[in-house]
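J.:
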Ligand code: CS2
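In our numbering, the protein residues as written are 7 to 502.
(1) With a 10 Å radius around its C-beta and 16 neighbouring C-beta atoms as the bar for buried, classify residue 484 as buried or exposed.
(2) Below 6 angstroms CB to CB, which residues in the same chain sit around residue 491 once its five sequence neighbours on both sides are set aside?
(3) Output needed for residue 429: all residues of its chain with C-beta closer than 6 angstroms, excluding positions within five of it in sequence on either side, in chain order.
(4) Considering just the uninterrupted stretch of the beta strand (DSSP E) at residue 107, what are its terminal residues?
(5) Closer than 8 angstroms is the cut-off here; do at least three beta carbon pairs connect the region 402-413 with the region 444-455?
(6) Would you say the beta carbon of residue 235 is closer than 8 angstroms to some non-hydrogen atom of the ligand CS2?
(7) How about residue 382 and residue 134: are their beta carbons less than 9 angstroms apart?
(8) By the three-class DSSP mapping on this structure, what secondary structure does residue 298 have?
(9) Is it buried or exposed for residue 343, if we count other Cβ within 10 angstroms and need 16 for buried?
(10) When you compare the region 35-49 with the region 261-271, are there three or more beta-carbon pairs, one atom per stretch, that lie closer than 8 angstroms?
(11) Since residue 419 sits in a beta bridge, which residues does DSSP pair it with?
(12) Starting from residue 44, trace the alpha helix (DSSP H) both ways and give me its first and last residue.
(13) Using the rule of at least 16 other Cβ atoms within 10 Å of the residue's Cβ for burial, across every protein chain shown, is residue 489 buried or exposed?
(14) Exposed or buried, what is residue 238 when buried is set at 16 or more other beta-carbons lying within 10 Å of its beta-carbon?
(15) Considering only heavy atoms of the ligand CS2, does any lie closer than 8 angstroms to the CB of residue 91?
(16) Tell me whether residue 157 counts as near the ligand CS2, meaning its Cβ is closer than 8 angstroms to at least one heavy atom of that ligand.
(17) Tell whether a beta-carbon distance below 9 angstroms holds between residue 50 and residue 33.
(18) Using CA coordinates, which residue listed in 177, 17, 96 and 77 is at the minimum distance from residue 116?
(19) When you compare the CB positions of residue 78 and residue 122, do they come within less than 9 angstroms of one another, or not?
(20) Entirely within the region 234-284 and at least 4 residues each: give me those alpha helix (DSSP H) ranges in chain order.
(21) Which class does residue 220 belong to by DSSP, given the choice of helix, strand or coil?
(22) What residues in its chain sit with their C-beta under 6 angstroms from that of residue 210, if we drop five residues either side in the sequence?
(23) Using a Cβ-based criterion (distance less than 8 angstroms to any ligand heavy atom), does residue 370 qualify as near the ligand CS2?
(24) For the alpha helix (DSSP H) that residue 64 lies in, which residues bound it at each end?
(25) For a quick check, are the C-beta atoms of residue 283 and residue 48 less than 9 angstroms apart?
(26) Find the nearest neighbour of residue 335 within the set 348, 304, 320 and 386, judged by alpha-carbon distance.
(27) With DSSP as the reference, please indicate the residues paired to residue 89 in a beta bridge.
(28) Can residue 306 be considered in contact with the ligand CS2, in the sense that its beta carbon sits closer than 8 angstroms to one or more heavy atoms?
(29) Helix, strand or coil for residue 32, going by three-state DSSP, please let me know.
(30) Taking just the CA atoms, how far does residue 462 sit from residue 408?
(31) Between which two residues does the alpha helix (DSSP H) containing residue 187 stretch?
(32) Using a Cβ-Cβ distance cut-off of 9 angstroms, determine whether residue 351 contacts chain D.
(33) Between the Cα of residue 509 and those of 418, 292, 252 and 321, spot the shortest distance and give me the residue it belongs to.
(34) Under 8 angstroms from any heavy atom of the ligand CS2, does the C-beta of residue 302 make it?
(35) Alpha helix (DSSP H) containing residue 157: first to last residue?
(36) Please identify the residue among 244, 246, 380 and 230 whose C-alpha is closest to the C-alpha of residue 306.
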């Protein structure tokens with residue numbers, strides 16, 4: 007039996023306590039992944055339950071996730087979110103999705119029509135870094151991306167998410183409707199500004215007179231989103247089924263109890279009252295985004311690469327190693343925190359709260375999962391802070407070891423000589439660089455030539471190149487565990 011509105015669920019499971027018919031799909035969300043289900047949808051659910059909000063969602067998947075959309079439809083657009091800590095799980099059924107479409111199944115016209123409904127005020131996105139088709143090192147449109155090349159020539163048949171949004175905006179304009187706000191909920195600094203850059207540059211290349219209209223009418227609020235939502239496993243599904251008293255949920259997600267959302271308050275066509283569900287609406291999100299990207303995501307990536315190489319399957323496993331915990335704390339406080347400008351946050355306390363979240367053994371957050379897409383993640387997670395320190399002649403030991411860990415990881419073989427399955431949009435390019443360079447410093451130099459990751463400045467900086475090469479050499483000779491244990495962590499760091 008699968009989840010439906012008539013399922014008899016245990017009393018402990020919270021269920022929609024509002025008339026779902028009353029909700030309108032006023033937000034179209036592109037990217038119906040686990041993160042959206044466990045984050046933004048949960049805020050909307052709280053608003054519908056406790057504050058009579060009528061803000062519902064239309065969710066769209068573009069390429070992957072056919073089965074997910076079909077499953078969602080089978081479950082009358084319901085699914086469960088389970089919050090887990092070391093001792094228990096707490097489940098809640100989410101009912102705010104009112105419509106679900108798949109670009110390849112339902113077709114472009116249906117998708118564009120949903121995005122061009124008068125009540126749509128916001129299009130939000132969780133398409134991961136690579137979905138924006140941007141250049142991670144400089145934040146501009148990656149015009150050589152094959153989907154962008156396609157969308158430049160065929161604006162009416164978009165393949166990329168930026169192309170889809172432009173086509174929907176064009177349709178709204180033709181129908182005489184107001185624009186919608188475009189809200190990125192992915193982990194990049196200034197994600198609103200970046201989304202604006204990408205859309206505007208693609209519109210310019212398409213050359214159909216949309217650029218000025220976009221500049222005038224489309225808002226691109228930035229956001230900082232935070233909740234650890236590991237990929238769903240068979241174990242999660244079984245656990246969810248037990249929680250639901252034997253009812254199966256094909257879309258259940260499980261996550262940590264913590265959630266945070268900081269949103270730039272810039273929604274000309276209106277927005278839900280997210281603040282009533284605990285979100286922070288601010289005028290400038292960047293300091294929060296940088297804090298989260300560098301302290302949380304930066305240490306996550308560090309733990310992912312070094313932890314994977316050291317044989318730790320999950321982040322919580324790496325936290326059992328006192329040297330890994332010490333290194334993560336040092337990275338956060340000595341190498342990332344000084345680079346931040348956020349006010350009114352106790353960063354030492356923030357670091358401790360992150361480490362406590364990482365220790366949650368129920369999460370089973372795989373280092374391999376976080377290690378994915380490193381070419382899209384390194385710039386904002388580690389390299390921005392590297393640049394900050396280089397400009398001040400500061401110490402980058404941990405940051406350099408994190409970068410070297412990534413290089414060793416994309417080499418494709420772990421410390422036992424077993425193959426590593428690399429998942430990255432530049433996978434082939436990485437494999438090429440690896441097979442055409444000799445193991446050791448030569449490989450470091452070859453990987454540093456990836457300009458969408460390192461830009462042109464870092465490969466030219468002897469201090470950075472030296473630090474990464476040293477760390478890489480040590481990784482080869484001593485292994486990840488010993489390198490992390492041997493980090494010289496006493497050094498003082500400059501302050502802003
Ligand atoms: C993680 C993030 O997979 C990753 O790269 O670092 O998904 C992280 O769990 C979230 O950003 C937490 O909010």
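C-beta: ideal position from N, C-alpha, C; glycine also.
T.: Quick look at the numbers:
(1) exposed
(2) 329
(3) 378
(4) 103-108
(5) yes
(6) yes
(7) yes
(8) helix
(9) buried
(10) yes
(11) 425
(12) 40-44
(13) buried
(14) buried
(15) no
(16) no
(17) yes
(18) 177
(19) no
(20) 240-249
(21) helix
(22) 217
(23) no
(24) Not the alpha helix (DSSP H): residue 64 falls in the beta strand (DSSP E), residues 61-67.
(25) yes
(26) 304
(27) 96 and 261
(28) yes
(29) strand
(30) 20 angstroms
(31) Element bounds for residue 187: not the alpha helix (DSSP H) but the beta strand (DSSP E), 187-190.
(32) No chain D is part of this structure, which consists of one protein chain only.
(33) The chain is shown from 7 up to 502; residue 509 falls before or after that span and cannot be answered.
(34) yes
(35) 152-159
(36) 380
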